[in-house]
Amino acid sequence: MVEKVPKYVVRTFLTGVSRLPFSVLYVISGILFIFVYHVFRYRRDVTRRNLKLSFPEKTDDERKKIARQYYRYLCDLVVEILKTPVLKKEEILRRMVIKNPEVVNRYYDKGRSVIVMAMHYGNWEWLCCMPLLLKHYHFAVYKSQQDSEFEAHLNSVRARFGAEPVSMSITLRKILKAEKEGTCVLTGLLADQSPPWNHPFWTTFMNQPALFFNGPAKLAIRFNHPVLFQQIKRIKRGFYETSFEVLFENPREVSEETIINTYVRRIESVIREEPAWYLWSHKRWKYKKPGDKPVY
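Under my numbering, the first residue of the sequence shown carries the number 121, and numbering increases by one thereafter.
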């Protein structure tokens, strides 16, 4: 759809929106919620099905409440991402508080690169502020989008404070180059994404069989980069906290399955604590094991 609009029109629109104050942007978010949730009913069937399968113990009313909270948050997320290109360093660090940067920085001081496994929760795009407080050179690994203009906008956001956006397809090549040059890198991955249907690694995620990329585990074991889990908490509208937790100091001592399953259990814990801030409208469980009936 956006591809049919002249690029300069898209850029002008995005720039104009980014200049608006948060107070106005959140009014726009409220209006957007009405259209997304009530008028167009954007993927409400997907969201409700995901919630029902993930939380069978909850009542219909409880799941509907989570769904409404989710769509309000989703609209907030859209305007927050649009605002990011004009946020100053002090502002984004006030809105995305990095609670324990020393957990990561101690590896830099030891000359070790790290693998950081994050998730689609809260405002993950504001993790672009990490190079402001962390010492490693940052690879922000992303999955390519069909919409090239939107991808270019997101990559400009990711690179704003010093990270290098790296397509998933060339991540290994970039790490090999960094190893050869002796550069300590932080490879940041949103590792909860759904891989292609023929990917071999299945596990149970939120009560359902789910495919996961095992690439992060392969990279960690190959280079023996410590594996860290990164959590985001939504404090209030427009304000978040992020923290790091070491999962594996020496990943060569464990298997790929152990790394991925440990990560999955951690993201489940985060989701169960505050479920509304996860990406429920995504068709995360669209692939089923051979012989299973499709969910969507």
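Idealized CB from N, CA, C, for every residue including glycine.
Cross-strand partners of residue i (DSSP beta bridge)
i    : result
Q350 : F364
S287 : Y262
I331 : In the sequence on display, residue 331 carries Leu and not Ile. DSSP output for L331 lists W322 as bridge partner(s).
Y257 : V305
Y407 : According to DSSP, which records beta bridges pairwise, Y407 is partnered with nothing at all.
8 Å Cβ cutoff met for residue i and residue j
i    : j    : result
T323 : V384 : yes
A260 : V234 : no
I290 : W246 : no
L309 : M237 : yes
I352 : W244 : yes
Y262 : M288 : yes
K408 : P329 : yes
Y146 : D196 : yes
L254 : N225 : yes
T204 : R280 : yes
V277 : I387 : no
N327 : L173 : yes
T307 : L274 : no
V347 : P371 : yes
F364 : V198 : no
V206 : R161 : no
E369 : I341 : no
Y295 : F343 : It should be noted that the sequence gives Ile, not Tyr, for residue 295. Yes, the pair counts as a contact, with Cβ atoms nearer than the cut-off.
C248 : A283 : yes
H345 : R232 : yes
Three-state secondary structure (DSSP) of residue i
i    : result
M250 : helix
W317 : coil
Y383 : helix
V217 : strand
G231 : coil
K356 : strand
T307 : strand
Y193 : helix
A238 : strand
Y146 : helix
Y417 : Any answer about residue 417 is impossible in this case: the structure gives the chain only from 121 up to 416.
Y157 : helix
Y416 : Caution applies to Y416, whose pLDDT of 40 falls short of 50 and renders its modelled position unreliable; the value that the coordinates give is listed next. In this structure, Y416 counts as coil in the three-state DSSP scheme.
Beta-carbon proximity list for residue i, same chain, < 7 Å, skipping 5 on both sides
i    : result
R192 : F153
V137 : L202
Residues near residue i by beta carbon distance below 8 Å, same chain, minus five either side
i    : result
H240 : L310, D312, Q313, Y398, L399, H402
A187 : R164, T167, R168, L171, W400
G358 : F142, Y146, D196, E200, R215
K209 : C249, L252, F281
Own chain, CB closer than 6 Å to residue i, minus 5 neighbours either side, in chain order
i    : result
A298 : V305
R354 : G242, Y360, W397
P315 : L331, F333
Y228 : K255, H256, C304
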